[in-house]
Amino acid sequence: MNRGTLQGQLFRYGIVGGIAFVVDYGTLGLLTEVFQVHYLVSAGIAFLLGLACNYVLSTRFVFGESRLKSQWAEFGAFLIIGLAGLLLNELILYVCQDLVGIHYMLGKIISTVIVFFWNFLARRFLLFKS
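Each residue of the sequence shown is one higher than the one before, starting from 4 at the first, in my numbering.
Following this line, the structure appears as structure tokens:
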């Protein structure tokens, strides 16, 4: 698939997102179940590790040229979009676990689907040239 098309980028972002999800989900389970860290703290740490993985892979394999000239500015913008995703992630996990009674690991899957589209669309249209 062509790297520059929306379809090609979404396909590649799905693969990158899958890899980042394994890092995120695995870390969440490990920290919460093995090390007994509160699930919302674990979720924040895990999300940031997944975000770092996503940044490295997305800039190399998904998106083309950045709208920003500075790599630091690009990373900063990527991070801001990611932090908005982190807040959304934490909110969804809290609602699922504490308000609805859905186990946090299932809530994480629900959150991942929603945050995936937020991150992709925000990064594609705000950060990288189409």
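Note that CB positions come from ideal geometry on N, CA and C, so glycine has one too.
Query                                                                                                                                                                                        : Result
Starting from Val19, trace the alpha helix (DSSP H) in both directions and tell me its first and last residue.                                                                               : 9-32
Should the stretch 58-77 be regarded as contacting the stretch 11-25, the criterion being three or more beta carbon pairs within less than 8 Å?                                              : yes
Would you check if the stretch 44-56 and the stretch 72-79 touch, i.e. whether three or more CB-CB distances between them fall below 8 Å?                                                    : no
Glu77 lies in the alpha helix (DSSP H); which residues open and close that run?                                                                                                              : 74-97
Let me check understanding here. Comparing Cα to Cα, which of Leu43, Tyr28, Phe38, Gln12 lies closest to Leu162?                                                                             : Because the chain in this structure spans residues 4 to 133, residue 162 falls outside the shown range and cannot be described.
Give the straight-line distance between the Cα atoms of Cys107 and Trp121, rounded to the nearest whole angstrom.                                                                            : According to the sequence displayed, residue 107 carries Tyr and not Cys. Taking the straight line joining both Cα atoms gives about 20 Å.
Please go through the same chain and pick out, in chain order, the residues whose beta-carbon is closer than 6 Å to the beta-carbon of Thr35, but skip the five residues on each side of it. : Tyr42, Ser45
Below 8 Å on the Cβ atoms is my guess for Ser69 versus Leu124; work out the distance and round it to an integer in Å.                                                                        : About 16 Å; that fails the 8 Å criterion.
Looking at Gly85: is its Cβ nearer than 8 Å to the Cβ of Leu54?                                                                                                                              : yes
Less than 8 Å separating the beta-carbons of Ser114 and Ile95?                                                                                                                               : yes
Helix, strand or coil: how does DSSP classify Phe135 here?                                                                                                                                   : With the chain covering only 4 through 133, there is no way to say anything about residue 135.
What does a CB cutoff of less than 6 Å around Gly110 pick up in its chain, not counting 5 residues either side in sequence?                                                                  : Leu96, Cys99, Gln100
Once DSSP output is grouped into helix, strand and coil, what is the label at Tyr131?                                                                                                        : Strictly speaking, residue 131 in this sequence is Phe, with Tyr absent from that position. In this structure, Phe131 counts as strand in the three-state DSSP scheme.
In angstroms with no decimal places, state the Cα-to-Cα distance between Gly7 and Asn57.                                                                                                     : 18 Å
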